[in-house]
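Residue numbers (numbering that gives the first Met the number 0), protein chains in the order written: chain A, 0 to 344; chain B, 0 to 112; chain C, 0 to 363.
Take a look at the structure below.
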Amino acid sequence: MNTQKTKSVIVIGAGIAGMESSAQLASFGHQVTLLEKEKVVGGHVANWERLFPTMKPASEIIDLLKTDIMNNVNVQLDAEVFKIEFSNQEFIVTLTDGQILKSDAVLLATGYDLFDPRGKEEYGYGIYDNVITSAELEAVFKNGKELKTSTGKTPKRVGIIHCVGSRDIKAGNQYCSNVCCITGVKQAIEIKEAVPDAEVFCFYMDLRMFGRYFEDMYLKAQEKYGVQFVRGRLSEACENQDGSLIIKVEDTLASKPLKMTVDLIVLLLGFEASKGTTSLGKMLHLNFGDDRFISPTNEHLLRHNTKMEGIFVAGTCTGPKSIIATISDARGAVITVNNYLNNLN
Amino acid sequence: MDFGYSIQKDNQIDYDKSHREIAEYIRKEESSFNICMSCGSCTAICSAGIFTDFNPRKLYLLISRGDIRSIRKEIDHCMLCGKCQLACPRGINTRNIILQIRTSIKQNKDHVF
Amino acid sequence: MNIEGKKAIWKDYQKDIADDSYFYVRSCVRQNFLPGSETTFIRIVREELGKDIYEHPCHTTCTGIGYHGDIVPVDTMMTVVARQFALMTEAGYENLVPSCITSFGIYTEVLDTWHHFPEVEARVREYLRMATGREFKIPANIAHASDIIYKFRKEIATKAMYKLINKNTGKPLKVVEHIGCHYSKMFPEKGVGGAEYPYVLVGMIEEWGGEVVDYPERRHCCGFGFRQYLVQANRGFSISCSRKKFESMQDYEPDMIITNCPGCPMFLDKWQYAISELEGKTYGKDGMGIPVFTYEEVAGMLLGYDPWDLGMQVHQVAVEPLLDKIGVSYDASRKYLGINNKNLGQPKSPNVLVTAKSLLSESL
Numbered sequence: 000m001n002t003q004k005t006k007s008v009i010v011i012g013a014g015i016a017g018m019e020s021s022a023q024l025a026s027f028g029h030q031v032t033l034l035e036k037e038k039v040v041g042g043h044v045a046n047w048e049r050l051f052p053t054m055k056p057a058s059e060i061i062d063l064l065k066t067d068i069m070n071n072v073n074v075q076l077d078a079e080v081f082k083i084e085f086s087n088q089e090f091i092v093t094l095t096d097g098q099i100l101k102s103d104a105v106l107l108a109t110g111y112d113l114f115d116p117r118g119k120e121e122y123g124y125g126i127y128d129n130v131i132t133s134a135e136l137e138a139v140f141k142n143g144k145e146l147k148t149s150t151g152k153t154p155k156r157v158g159i160i161h162c163v164g165s166r167d168i169k170a171g172n173q174y175c176s177n178v179c180c181i182t183g184v185k186q187a188i189e190i191k192e193a194v195p196d197a198e199v200f201c202f203y204m205d206l207r208m209f210g211r212y213f214e215d216m217y218l219k220a221q222e223k224y225g226v227q228f229v230r231g232r233l234s235e236a237c238e239n240q241d242g243s244l245i246i247k248v249e250d251t252l253a254s255k256p257l258k259m260t261v262d263l264i265v266l267l268l269g270f271e272a273s274k275g276t277t278s279l280g281k282m283l284h285l286n287f288g289d290d291r292f293i294s295p296t297n298e299h300l301l302r303h304n305t306k307m308e309g310i311f312v313a314g315t316c317t318g319p320k321s322i323i324a325t326i327s328d329a330r331g332a333v334i335t336v337n338n339y340l341n342n343l344n
Numbered sequence: 000m001d002f003g004y005s006i007q008k009d010n011q012i013d014y015d016k017s018h019r020e021i022a023e024y025i026r027k028e029e030s031s032f033n034i035c036m037s038c039g040s041c042t043a044i045c046s047a048g049i050f051t052d053f054n055p056r057k058l059y060l061l062i063s064r065g066d067i068r069s070i071r072k073e074i075d076h077c078m079l080c081g082k083c084q085l086a087c088p089r090g091i092n093t094r095n096i097i098l099q100i101r102t103s104i105k106q107n108k109d110h111v112f
Numbered sequence: 000m001n002i003e004g005k006k007a008i009w010k011d012y013q014k015d016i017a018d019d020s021y022f023y024v025r026s027c028v029r030q031n032f033l034p035g036s037e038t039t040f041i042r043i044v045r046e047e048l049g050k051d052i053y054e055h056p057c058h059t060t061c062t063g064i065g066y067h068g069d070i071v072p073v074d075t076m077m078t079v080v081a082r083q084f085a086l087m088t089e090a091g092y093e094n095l096v097p098s099c100i101t102s103f104g105i106y107t108e109v110l111d112t113w114h115h116f117p118e119v120e121a122r123v124r125e126y127l128r129m130a131t132g133r134e135f136k137i138p139a140n141i142a143h144a145s146d147i148i149y150k151f152r153k154e155i156a157t158k159a160m161y162k163l164i165n166k167n168t169g170k171p172l173k174v175v176e177h178i179g180c181h182y183s184k185m186f187p188e189k190g191v192g193g194a195e196y197p198y199v200l201v202g203m204i205e206e207w208g209g210e211v212v213d214y215p216e217r218r219h220c221c222g223f224g225f226r227q228y229l230v231q232a233n234r235g236f237s238i239s240c241s242r243k244k245f246e247s248m249q250d251y252e253p254d255m256i257i258t259n260c261p262g263c264p265m266f267l268d269k270w271q272y273a274i275s276e277l278e279g280k281t282y283g284k285d286g287m288g289i290p291v292f293t294y295e296e297v298a299g300m301l302l303g304y305d306p307w308d309l310g311m312q313v314h315q316v317a318v319e320p321l322l323d324k325i326g327v328s329y330d331a332s333r334k335y336l337g338i339n340n341k342n343l344g345q346p347k348s349p350n351v352l353v354t355a356k357s358l359l360s361e362s363l
């Protein structure tokens with residue numbers, strides 16, 4: 000193996016996939032630069048309060064990852080990639096501020112964006128004051144605020160809507176976003192903890208409790224917290240004069256349309272390929288699936304390779320994943336990138 | 000005045016106006032009622048369900064929603080054979096639920112559901 | 000409610016509406032049940048706006064009512080539509096303006112079908128040629144008559160004598176707006192404002208001084224439903240749909256309802272009478288019923304036309320309280336006198352709908 004010169008890799012995106020893979024690649028002795036276009040690291044997880052299925056704080060993971068990258072990784076914040084080219088056996092990455100960086104490999108960890116619920120006009124997000132997103136609810140908890148309606152009263156009934164922007168051809172996304180169902184159950188429990196007297200309803204098409212301890216969480220939500228589940232997709236939300244909302248679903252298991260008034264609606268937003276994933280993937284002529292996420296070379300065994308040699312992918316830029324899956328995925332990418340770098344001349 | 004047609008009743012469950020007294024009673028007396036996931040194992044094996052349209056899964060669901068218009072008629076179909084309790088994957092005490100429904104109906108005998 | 004959110008959606012659903020040279024095709028239902036609306040539309044477009052609007056004497060129904068009622072087969076309907084296009088082509092026009100919302104839906108749906116299935120268009124062209132010897136060009140623009148009034152709402156506002164304001168309190172009138180289902184529910188991009196928050200009537204109301212009421216069942220169909228009302232026994236479904244809307248809007252105390260479809264004002268008006276007889280219940284702030292108007296009637300009224308020329312005397316829910324609120328001057332004694340002062344006859348009084356009855360006795 001020719002290891003005369005230390006190999007370098009640029010990791011784009013300092014979410015948890017980017018941070019984990021950077022730290023591990025650095026521990027193998029490579030020179031790692033981690034680029035993040037925002038002013039802070041941590042991606043979406045940094046905005047989350049507690050994580051399923053353990054209910055541990057998200058900050059635990061973020062702090063751990065931050066420590067890992069502190070010493071061995073060259074982190075650049077406020078650094079957005081403008082162009083990536085390949086020339087003379089190396090990658091030339093130009094940032095929007097003009098800075099030029101070079102490396103032997105590039106790892107995309109550009110992740111996802113949450114679906115913009117204004118695309119579901121009939122849900123009234125941005126029009127009705129008491130329709131909020133899962134991310135906004137998480138922020139309420141994270142900032143230690145009390146859960147209140149727009150007029151400052153404590154909600155007596157909350158409706159959580161599954162599959163917003165997922166499994167929905169009109170919204171442009173036919174696929175399932177994987178983690179929203181368990182997030183809905185988690186947030187239902189959290190709402191009951193915050194407001195024990197509130198009635199909480201989850202409106203779902205399917206309940207995808209696929210992971211370890213997920214089914215336990217579903218059972219606990221019903222048994223301990225009294226969360227109720229209605230199998231029926233939200234068709235239309237309308238606003239009453241007092242700002243409360245009328246939900247129209249079909250209770251499919253009863254074969255009847257059902258209407259109820261709630262004080263607050265929480266939309267569980269699906270995942271979409273982020274702007275960075277889309278623009279960099281297109282720039283590098285990578286393959287995309289119909290779901291607009293990047294397609295790796297082989298879904299089973301070559302998950303981190305792409306059409307372009309030297310360009311690798313990790314995390315949710317290849318599809319929605321839980322945190323557990325993302326960390327595993329990032330570590331898989333590390334092995335692939337490490338082997339690639341070690342085999343370079 | 001008879002115009003030859005009449006205003007129709009809603010088929011919709013209006014949750015804000017529905018009658019959830021029986022559900023609240025059952026939840027207190029038999030808390031396993033809460034963990035039903037409507038899988039239908041009970042209805043599939045129900046002795047009464049084979050020969051009538053008695054459907055325990057649907058009955059529990061409609062009780063939860065407060066839509067109990069036909070409950071007085073339906074509840075008499077159950078023979079308390081216990082096959083539903085054998086089948087339930089979540090170990091719900093279904094026989095007790097039936098008994099509590101009957102008690103609750105007796106308590107509300109003047110109530111129009 | 001956050002109006003900015005709605006405005007963002009309205010911006011996304013803008014529509015190309017022709018400027019002039021309109022080929023007008025009339026509605027079957029409106030000419031009987033809402034007389035004066037179409038005449039007023041032509042009058043406003045020709046005299047107030049100075050546009051060229053033409054109706055071909057040989058034009059017919061689009062057969063939408065028969066097609067949706069399962070009486071007219073789809074090929075026949077498409078051939079009749081093709082004939083309308085042929086008349087338009089022969090008269091030298093390109094901009095189709097249907098008066099009826101169902102027609103608008105039919106024309107839009109037919110063109111969309113032909114766009115996706117050119118063999119169907121070819122077949123229909125052949126049918127038309129065989130039946131009448133006519134040829135046609137696809138219209139350059141199809142805009143519903145309410146789109147035209149919407150487009151020129153500002154011009155109408157500058158010429159208006161009145162506004163949608165309660166002259167006693169100085170406050171804007173509370174207006175419920177109701178869109179015909181076939182305007183934007185089938186093809187949201189063909190309706191101003193889209194399907195969820197349509198803007199065509201909201202724009203008119205805002206421009207003319209009124210305040211729009213958004214209530215939970217705003218999107219609900221009025222229940223017209225062709226098949227439903229054609230058979231008397233089925234009308235229970237229709238009336239129940241309208242009733243749901245009334246129950247929902249009642250808390251908002253609306254002063255009036257404006258719609259842009261032929262069936263909707265007819266039903267929202269007449270069902271208030273039927274509900275009052277069947278259930279003894281009336282709607283509106285003082286329980287006197289909520290008057291229902293077409294947008295042409297409103298435009299004409301605000302421009303100062305005589306309400307009886309607009310055909311308002313045939314409304315079941317009397318319009319006089321609203322005319323008084325706005326301050327429109329009218330001659331109550333001329334309500335049932337037609338052209339040349341011919342006595343049109345008085346309708347019988349209803350048992351419950353108070354206003355109509357008491358006003359009737361006043362005008363006798």
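Backbone N, C-alpha and C fix where the C-beta goes; we use that ideal spot for every residue, glycine too.
These figures come from a predicted structure and were not determined experimentally.
Residues of chain B with a Cβ closer than 7 Å to the Cβ of A/E235 do not exist; the shortest Cβ-Cβ separation is about 13 Å. Listed along chain C, the residues sitting closer than 8 Å to B/Y4 by beta-carbon distance are Q231, A232, N233, R234, G235 and I238. Inside the stretch 200-266 of chain A, DSSP marks whole beta strand (DSSP E) runs of 3 or more residues at positions 227-230, 235-238, 244-250 and 255-261, from first to last along the chain.
Of the candidates B/I97, B/I62, B/A22 and B/D13, the residue whose Cα lies closest to the Cα of B/H76 is B/I97. Selection C/P56, C/L48 and C/Y182 evaluated against C/Y196 yields C/Y182 as nearest (Cα-Cα). An exposed status is given to A/F209, since fewer than 16 other beta-carbon atoms sit within 10 Å of its beta-carbon. When 7 Å is used as the limit between beta carbons, A/R232 is near no residue of chain C, the shortest such separation being about 16 Å. Spatial neighbours of C/Y12 in its own chain (CB-CB distance under 6 Å, excluding positions within 5 residues in sequence) are listed in chain order as G192 and G193.
Between A/F270 and A/L233, the C-beta gap is not smaller than 8 Å, which leaves the two residues out of contact.
The DSSP assignment places complete alpha helix (DSSP H) segments of no fewer than 4 residues inside the stretch 218-270 of chain C at 226-229 and 234-248, in order along the chain. Look at C/Q30 here: in three-state DSSP terms it is helix. In this structure, the beta-carbon distance from A/V194 to A/T153 falls below 8 Å.
In the three-state reduction of the DSSP assignment, A/S7 falls in the strand class, which pools E and B. In the DSSP assignment, A/I159 falls within the beta strand (DSSP E) that extends over R156 to V163. Our two residues, C/P117 and C/T60, have alpha carbons roughly 24 Å apart in a direct line. Taking 9 Å as the upper bound on Cβ-Cβ separation, chain A lies near residues L60, L61, S63, R64 and D66 of the stretch 59-71 of chain B. Sequence-ordered contacts of the stretch 270-295 of chain C with chain A are nonexistent [C-beta pairs closer than 7 Å]. In the DSSP assignment, C/S102 falls within the alpha helix (DSSP H) that extends over I100 to H115.
Only those residues of the stretch 253-271 of chain A whose C-beta falls short of 9 Å from the nearest C-beta of chain B are listed: A253, S254, K255, P256, L257, K258, M259 and T260. The continuous alpha helix (DSSP H) containing A/L24 extends over residues I15 to S26. Among the residues facing chain A, C/D250 is included, as its CB has a counterpart in that chain under 8 Å away. Proximity of A/Y127 to chain C, defined by a Cβ-Cβ separation below 8 Å, is satisfied. A/E238 and A/R156 have their C-alpha atoms some 15 Å from each other. Think of a sphere of 8 Å around the beta carbon of A/G17: no beta carbon from chain B falls inside it, the nearest being about 38 Å out. Inter-segment contact for the stretch 205-214 of chain C and the stretch 246-266 of chain C is present: three or more beta-carbon pairs are separated by less than 8 Å. As computed with DSSP, A/K55 is found in a beta bridge with A/L50.
Any Cβ of chain B closer than 8 Å to the Cβ of C/R242 would place that residue at the interface, and such an atom is present. Taking a C-beta distance under 8 Å as the contact criterion, A/F140 and A/E189 qualify as a contact pair. C/E154 has a beta carbon lying at 8 Å or more from every beta carbon in chain A. Shortest Cα-Cα distance from A/K255 to any of B/M78, B/L61 and B/F53 involves B/L61.
Sequence-ordered contacts of the stretch 132-158 of chain A with chain C are nonexistent [C-beta pairs closer than 8 Å]. Within the same chain, and ignoring the five residues on either side of C/R124 in sequence, the residues whose Cβ sits closer than 8 Å to its Cβ are A81, E134 and F135. In the three-state reduction of the DSSP assignment, B/Q106 falls in the helix class, which pools H, G and I.
Rounded to the nearest whole angstrom, the C-alpha separation of C/D305 and C/S332 is 13 Å. Taken atom to atom, the span from the alpha-carbon of B/T51 to that of C/I70 is near 41 Å.
The beta-carbon of B/Y24 is placed no less than 8 Å from the nearest beta-carbon of chain A.
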